[in-house]
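Structure, as structure tokens:
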Amino acid sequence: MTETAVAPEGGVRDREATPASRPARLVAVASGKGGVGKTWLSITLAHALARSGAGVLLFDGDLGLANVDVQLGLAGGRDVGPLLAGVAPLEDCVQTSAAGFAVLAGSSGTGTFSALPDATIDRLAAVLAGARGYSHVLLDLGAGLDRTVRRMAATAATLLVVTTDEPTALTDAYAALKLATHDKPGGDRRIVVNLAASRAAGERTYATLAKACEKFLGARPPLAGIIRRDPRVPEAIRRQTPLLTRHPHSEAAADVSALARALL
Ligand SMILES: Nc1ncnc2c1ncn2[C@@H]1O[C@H](COP(=O)(O)OP(=O)(O)OP(=O)(O)O)[C@@H](O)[C@H]1O
Ligand SMILES: [Mg+2]
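In this text, residue positions in the sequence shown follow the working numbering: the first is 20, and each later residue adds one.
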């Protein structure tokens, strides 16, 4: 990766703050239930981190689908396919987004993530965990809690489990936290409440999930952040423009920026 390849909006100074010798911090975003906002949150969090000066790579773990490319309006051309096939290094597979972070797209002809052999998943995880020149690598793990999602989640230094106030989302978030506790005892797991009607409502949703974790898993995952439901989110997605670019002063933008600060 060169300076110009993924120069964040913040400029070259930011890249110098990320020594190429230091491995990136891997942050995975999972939920179990689909449609709770993982992809949008991953993109917006990547954007917020990049704005704070971090060198960020976002991996679209929904292989076979082009979620991240479509939400960002990327022209495409590069994706994780050659990396998975072992014929190209990571730096030849990433794209640059106008938002100032690098994207490893999943829209390849490789089929679904879950169809990949364990050895391939582990090699990919190792490449991402050892990626140089980035301070943060974000993994949008896609829906479900299958073997591949669990393997990738266990590789991450930090796992963000996204829920909403819907009972199905809470149940699946609990299942994700339970499996992650089994797969990686003592790991850094945090809860994100998305689509909250208000901060107070988000606090109540967090308390419900945290209480269940405390009672049945013996640990209370901390709250990473509450993201309010904001009509500007679907509006920005429809326009394929990042929220922080289109509506930098919106409620959801403020909430994700706070989440990014807490992570840093
Ligand atoms: N904070 C929010 N406020 C309003 N709408 C939101 C918010 N977060 C997400 N959404 C809406 O939820 C939709 C689904 O988001 P997204 O595609 O990111 O979910 P996902 O969890 O990645 O889904 P999947 O599991 O299918 O990958 C978005 O199209 C967006 O309109
Ligand atoms: Mg998604």
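Yeah, the Cβ is synthetic: ideal placement off N, Cα and C, and Gly gets one too. Given the structure is predicted, the values throughout are model-derived calculations rather than measurements.
Contact under 8 angstroms by Cβ, residue i with residue j
| i | j | result |
| --- | --- | --- |
| GLY237 | ASP274 | no |
| ALA215 | ILE246 | yes |
| LEU178 | GLY206 | yes |
| VAL168 | ALA49 | yes |
| ALA194 | LEU228 | no |
| ALA144 | ARG166 | no |
| VAL99 | GLY125 | yes |
| LEU82 | THR131 | yes |
| THR182 | LEU189 | yes |
| LEU160 | GLY105 | no |
| LEU198 | TYR225 | no |
| ALA255 | HIS266 | yes |
Proximity to residue i [Cα-Cα], best of the options
| i | options | result |
| --- | --- | --- |
| LYS52 | TYR153, THR187, PHE120 | THR187 |
| ILE210 | ALA281, ALA144, GLY74 | ALA281 |
| GLY163 | PRO253, VAL180, ALA117, HIS66 | VAL180 |
| LEU84 | ALA277, SER116, LEU123 | LEU123 |
| PRO136 | THR63, ALA148, LEU103, VAL146 | LEU103 |
| ARG208 | GLU185, CYS232, ARG218, HIS268 | CYS232 |
| ARG142 | LEU109, ALA121, LEU160, VAL113 | LEU109 |
| ALA43 | HIS155, HIS268, LEU278 | HIS155 |
| ARG204 | ALA172, ARG97, ASP111 | Reading off the sequence shown, one finds Pro at residue 204, where the question assumed Arg. Ranking the options by Cα distance to PRO204, first place goes to ALA172. |
Residue i versus residue j - alpha carbon distance
| i | j | result |
| --- | --- | --- |
| GLU222 | PRO250 | 20 angstroms |
| LEU158 | SER61 | 7 angstroms |
| ALA70 | VAL55 | Here the sequence assigns Arg to residue 70, which means Ala is not the residue at that position. Going from the Cα of ARG70 to the Cα of VAL55 covers about 24 angstroms. |
| ASP202 | THR264 | 37 angstroms |
| GLU35 | GLN90 | Low confidence applies here, because GLU35 scores a pLDDT of 40, under 50, leaving its location unreliable and the question unanswered by this model. |
| THR58 | GLY149 | 23 angstroms |
| ALA138 | VAL146 | 12 angstroms |
| VAL87 | THR115 | 12 angstroms |
| VAL113 | LYS234 | 42 angstroms |
| ASP184 | ALA277 | 20 angstroms |
| GLU22 | ALA117 | Note that GLU22 scores 33 on pLDDT, short of 50, meaning its location in the model is unreliable and no value can be drawn from it. |
| ALA121 | LYS230 | 37 angstroms |
| GLY96 | ASP111 | 11 angstroms |
| SER133 | ASN213 | 26 angstroms |
| ARG218 | ILE140 | 37 angstroms |
Start-to-end residues for the beta strand (DSSP E) that takes in residue i
| i | result |
| --- | --- |
| ASP207 | 207–215 |
| THR182 | 177–182 |
| LEU109 | Careful: LEU109 lies outside any beta strand (DSSP E) and carries neither H nor E. |
| VAL168 | Run containing VAL168: none in the beta strand (DSSP E); it sits in the alpha helix (DSSP H), 166–174. |
| ARG44 | 44–49 |
| LEU283 | Where LEU283 is concerned, there is no enclosing beta strand (DSSP E), given that its DSSP letter is neither H nor E. |
| HIS201 | First-last for HIS201: 186–202, but that is the alpha helix (DSSP H), not the beta strand (DSSP E). |
| VAL156 | 155–159 |
| ASP79 | 75–79 |
Proximity test, Cβ basis, 8 angstroms: residue i and chain C
| i | result |
| --- | --- |
| THR200 | Judged by its chain identifiers, the structure shown contains no chain C, having just a single protein chain. |
Contacts around residue i, its chain only, beta-carbon distance under 7 angstroms, and the 5 residues preceding and following it disregarded
| i | result |
| --- | --- |
| ALA285 | The question about residue 285 has no answer, for the chain in this structure spans 20 to 283. |
| ALA175 | LEU45, VAL46, ALA47, LEU158 |
| PRO253 | none |
| LEU196 | VAL180, ARG208, CYS232, LEU236, PRO240 |
| ALA94 | none |
| ALA279 | LEU64, ALA67, LEU68, SER71 |
| LEU248 | Here the sequence assigns Arg to residue 248, which means Leu is not the residue at that position. So the qualifying residues of the chain are LEU214, ALA215, ALA216. |
Sequence-distant residues of the same chain with beta carbon closer than 8 angstroms to residue i, five excluded per side
| i | result |
| --- | --- |
| GLY29 | A caution first: GLY29 carries a pLDDT of 36, below 50, which makes its placement in the model too unreliable to give a value. |
| THR63 | PRO261, LEU262, LEU263, ALA271, ALA272, VAL275 |
| ARG257 | none |
| LEU283 | LEU68, SER71, ALA73 |
Start-to-end residues for the alpha helix (DSSP H) that takes in residue i
| i | result |
| --- | --- |
| ASP137 | 137–148 |
| THR224 | 218–236 |
| ARG247 | Segment 242–247 is the beta strand (DSSP E) holding ARG247; no alpha helix (DSSP H) there. |
| VAL87 | 86–91 |
| VAL55 | Careful: VAL55 lies outside any alpha helix (DSSP H) and carries neither H nor E. |
| VAL99 | Premise fails: VAL99 is in no alpha helix (DSSP H) and is neither H nor E. |
| ALA255 | 251–257 |
| LEU262 | 262–265 |
6 angstroms CB neighbourhood of residue i in its chain, flanking five on each side removed
| i | result |
| --- | --- |
| GLY92 | GLN259 |
| ARG41 | none |
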